[in-house]
Amino acid sequence: MKILVPVKRVIDAYVSIRVKSDGSGVDTNNVKMSLNPFCEIALEEAIRLKEAGTASEVVLVSVGSGDIDTVIRSGLAMGADRAIRVDAEDDLEPLAIAKILKHVVEQEEAGLVITGKQSIDGDNNQTGQMLSALLDWPQATFASEVALDGSDAKVTREIDGGLETVALSLPAVVTTDLRLNEPRYPTLPNIMKAKKKPLDVIALADTGVDATKRNTVVNVSPPEERSAGIMVESVEQLIDKLKNEAKVI
Amino acid sequence: MSILVIAEHDNSELHVSTLNTVTAATQMGDDVHVLVAGSGAGDVAAQAAKVSGVGKVVHADADHYKDAVTTELSDLIVGLAGDYSHIVAGATTTGKDLMPRVAALLDSAQISDIIAVDSADTFKRPIYAGNAIATVQNADAKKVITVRPTGFDAAATDGSAEVATVEASAENGSTKVVGRELTVSERPDLGAASIVVSGGRGVGSAENFKIIEGLADKLGAAVGASRAAVDAGYVPNDYQVGQTGKVVAPNLYVAVGISGAIQHLAGMKDSKVIVAINKDEEAPIFQVADYGLVADLFEAVPEMVSQL
Ligand SMILES: Cc1cc2nc3c(=O)[nH]c(=O)nc-3n(C[C@H](O)[C@H](O)[C@H](O)COP(=O)(O)OP(=O)(O)OC[C@H]3O[C@@H](n4cnc5c(N)ncnc54)[C@H](O)[C@@H]3O)c2cc1C
Ligand SMILES: Nc1ncnc2c1ncn2[C@@H]1O[C@H](COP(=O)(O)O)[C@@H](O)[C@H]1O
Numbered sequence: 001m002k003i004l005v006p007v008k009r010v011i012d013a014y015v016s017i018r019v020k021s022d023g024s025g026v027d028t029n030n031v032k033m034s035l036n037p038f039c040e041i042a043l044e045e046a047i048r049l050k051e052a053g054t055a056s057e058v059v060l061v062s063v064g065s066g067d068i069d070t071v072i073r074s075g076l077a078m079g080a081d082r083a084i085r086v087d088a089e090d091d092l093e094p095l096a097i098a099k100i101l102k103h104v105v106e107q108e109e110a111g112l113v114i115t116g117k118q119s120i121d122g123d124n125n126q127t128g129q130m131l132s133a134l135l136d137w138p139q140a141t142f143a144s145e146v147a148l149d150g151s152d153a154k155v156t157r158e159i160d161g162g163l164e165t166v167a168l169s170l171p172a173v174v175t176t177d178l179r180l181n182e183p184r185y186p187t188l189p190n191i192m193k194a195k196k197k198p199l200d201v202i203a204l205a206d207t208g209v210d211a212t213k214r215n216t217v218v219n220v221s222p223p224e225e226r227s228a229g230i231m232v233e234s235v236e237q238l239i240d241k242l243k244n245e246a247k248v249i
Numbered sequence: 250m251s252i253l254v255i256a257e258h259d260n261s262e263l264h265v266s267t268l269n270t271v272t273a274a275t276q277m278g279d280d281v282h283v284l285v286a287g288s289g290a291g292d293v294a295a296q297a298a299k300v301s302g303v304g305k306v307v308h309a310d311a312d313h314y315k316d317a318v319t320t321e322l323s324d325l326i327v328g329l330a331g332d333y334s335h336i337v338a339g340a341t342t343t344g345k346d347l348m349p350r351v352a353a354l355l356d357s358a359q360i361s362d363i364i365a366v367d368s369a370d371t372f373k374r375p376i377y378a379g380n381a382i383a384t385v386q387n388a389d390a391k392k393v394i395t396v397r398p399t400g401f402d403a404a405a406t407d408g409s410a411e412v413a414t415v416e417a418s419a420e421n422g423s424t425k426v427v428g429r430e431l432t433v434s435e436r437p438d439l440g441a442a443s444i445v446v447s448g449g450r451g452v453g454s455a456e457n458f459k460i461i462e463g464l465a466d467k468l469g470a471a472v473g474a475s476r477a478a479v480d481a482g483y484v485p486n487d488y489q490v491g492q493t494g495k496v497v498a499p500n501l502y503v504a505v506g507i508s509g510a511i512q513h514l515a516g517m518k519d520s521k522v523i524v525a526i527n528k529d530e531e532a533p534i535f536q537v538a539d540y541g542l543v544a545d546l547f548e549a550v551p552e553m554v555s556q557l
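Protein sequence lines correspond, in order, to chains A and B. Going by our numbering, the first sequence opens with residue 1, and the numbers climb by one from there. Going by our numbering, the second sequence opens with residue 250, and the numbers climb by one from there.
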């Protein structure tokens, strides 16, 4: 079985972002970029399934410009066998990305797709679910455990009330939550090897997808700042402030 | 055209987040309907009918709606979509799982996690863990939206809408819930509590978390946690507050032994009053705290409990 892992390049999780003063978006110049953390978890899970003999090949796919090739290489260094980049603008909407991914899934005849649950820049949490809808496959989102037995899958999901286990059969789309696994760091030899792994580029036009945006971003602004608070000296003072100043207890 | 709100429930109780979602929906248009899809969920339909601002409850009952499985509900919702300009659900794990599937089936781009309605087609939503707010205008004929519950007040419950029964969609059957491990607690719901006490890595162990729970019980609060505390196994996953966990905005949020990473702040910085207790005076949590106390939590928290 072939596993397809869609990955996205994002501003690194530990960078403090800066909103551009003209309200057009977030400054990405000279900012550290990384693989979206949830995509790393997706890739790690796929690699483990291959190591366990369950999967035959792990194919990484990303939609974006040539700028994202460095993070694609870092995914290859983690252990994906090869990569496909669909050449397009970097900030397409999840619906368009899902349509493009559907094309790639069908071309590759993948038996399982593992996506991240959420990209940490747009915080959309959409692409995996949209892809499964377009493919008419079952979906299991926010996975913290994936167990495969032939074409039967049992997935434990992190939900608001706790955990839920669903049974579904492959092909399917799974999206990852934080506790599914801890992604490995690429080793130096694997980083070297990744440079020679195949990275095929497909033109957006060849997917036949109309990627026209449906949403116009009218403005991006910084959130309201909280006004500075005070430091208290003791528990007694804290309780007094909460009772008599803030009146919240 | 009307607005359809997808109710969240467990077949007996309407979830509080639906009240916030209805408030958001009433800002998108005048005629708000609520869909209650469940199994033996007549009580929920009756509760939904009482929510102010709701013009009609659409009730579909079938065994295969019992567990709110997305592949079942999405077929039903797509079948009903013809009458609606907006389809709206809370940005809970149920809504987040369901709505993108509905959107893709309707060929609409979803707008996730809105915190304000500017007009029927323009919405505000946080991006980059709440470090930026995007105003987004959507051009789709049918707008598919998830609503951040803390962004909107809960609707009152003094209404009296009619309940109309609709036929269930055929069973899809592709996905079955085979187990649930739900956190059972006497404490208030984390997402809706007026006071939340959260513990982080500084708490040190599952055993020590009793200190946090002790303070929460004294205050009648819900208990939350940072990702680090959940990852370390001190508390279950559903306690996680943050960018990729739950978003809370109580009157009082007490962060104990939490450093204040941006991903954590994303889930609590809209709280009315924030208290931070941390032994490191440089901890970033103090930058958002109204009241900061530099102290060892193992001394400060028991002291608080005894003084309250
Ligand atoms: C993709 C992604 C998603 C994430 N999502 C979330 C999320 O939703 N929610 C979330 O919380 N995090 C999230 N994180 C993790 C986040 O970046 C931080 O790692 C996490 O919030 C840190 O948790 P913490 O503050 O408990 O631990 P630490 O950063 O280790 O802080 C522990 C604090 O405890 C204090 N302390 C220690 N001992 C004591 C004591 N005896 N008394 C008083 N203070 C003490 C220390 O001074 C320190 O400030 C995410 C990260 C990534 C990459
Ligand atoms: N440009 C992209 N290329 C490939 N996969 C993507 C892209 N954007 C999002 N994804 C996948 O969809 C997941 C969820 O993203 P989102 O719906 O944007 O929150 C990500 O973790 C990726 O697995």
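Built from N, CA and C at the ideal position, the CB exists for glycine as well.
Checking the DSSP bridge columns, you'll see residue 34 of chain A partnered with A/10.
Close to chain B, meaning a Cβ-Cβ distance shorter than 9 Å, are the following residues of the stretch 84-110 of chain A: 93, 94, 95, 96, 98, 99.
Between the stretch 217-225 of chain A and the stretch 284-303 of chain B, the count of Cβ pairs shorter than 8 Å is below three; the stretches do not touch. Counted as a single uninterrupted DSSP element, the alpha helix (DSSP H) harbouring residue 552 of chain B occupies residues 546-556.
Ordered by chain, the residues meeting the criterion of a beta-carbon within less than 5 Å of a non-hydrogen atom of ligand 1 are A/13, A/37, B/449, B/450, B/451, B/475, B/476, B/477, B/491, B/492, B/493, B/494, B/506, B/507, B/508, B/510, B/512, B/513, B/527, B/528, B/529, B/532, B/545, B/546. Flagged as an interface residue toward chain A: residue 379 of chain B, by a C-beta distance shorter than 8 Å. Contact between the stretch 389-407 of chain B and the stretch 133-152 of chain A is not established, with fewer than three Cβ pairs separated by less than 8 Å.
Neighbours of residue 375 of chain B in chain A, taken as residues whose beta carbon is under 8 Å from its own, are 123, 223 in chain order. Chain order gives the chain A residues near residue 423 of chain B as 138, 168, where near means a beta carbon separation below 7 Å.
The alpha-carbon separation between residue 319 of chain B and residue 174 of chain A amounts to approximately 13 Å. Residues of the stretch 529-542 of chain B with a C-beta less than 7 Å from any C-beta of chain A: 537, 538, 539, 540, 541, 542, listed in chain order. In this structure, the C-beta of residue 24 of chain A stays at least 7 Å away from each heavy atom of ligand 2. The three-state secondary structure of residue 209 of chain A, taken from DSSP, is coil. For the 8 Å CB-CB criterion, residue 271 of chain B and residue 281 of chain B form a contact. Residue pairing from DSSP places residue 527 of chain B in a beta bridge opposite B/543.
At a cut-off of 8 Å between beta-carbon atoms, residue 133 of chain A makes contact with chain B. Distance from the C-beta of residue 65 of chain A to the nearest heavy atom of ligand 2 is not below 7 Å. Counting only Cβ-Cβ distances below 7 Å, residue 346 of chain B has contacts in chain A at 129, 141, in chain order. Proximity of the stretch 471-478 of chain B to the stretch 425-443 of chain B meets the contact definition, three or more beta-carbon pairs being nearer than 8 Å. Under the three-pair Cβ rule at 8 Å, the stretch 382-393 of chain B does not count as touching the stretch 110-117 of chain A.
Nearest CB-CB separation between residue 332 of chain B and chain A: not below the 8 Å threshold. Rounded to whole angstroms, the separation of the alpha carbons of residue 419 of chain B and residue 63 of chain A is 35 Å. When secondary structure is reduced to three states using DSSP, residue 250 of chain B falls in the coil class, being assigned neither helix nor strand.
Relative to the non-hydrogen atoms of ligand 2, the Cβ of residue 6 of chain A comes within a distance shorter than 7 Å of at least one. The beta strand (DSSP E) runs lying completely inside the stretch 459-488 of chain B and spanning 3 residues or more are 471-474, given in chain order. By the 16-neighbour rule on beta-carbons within 10 angstroms, residue 244 of chain A is exposed.
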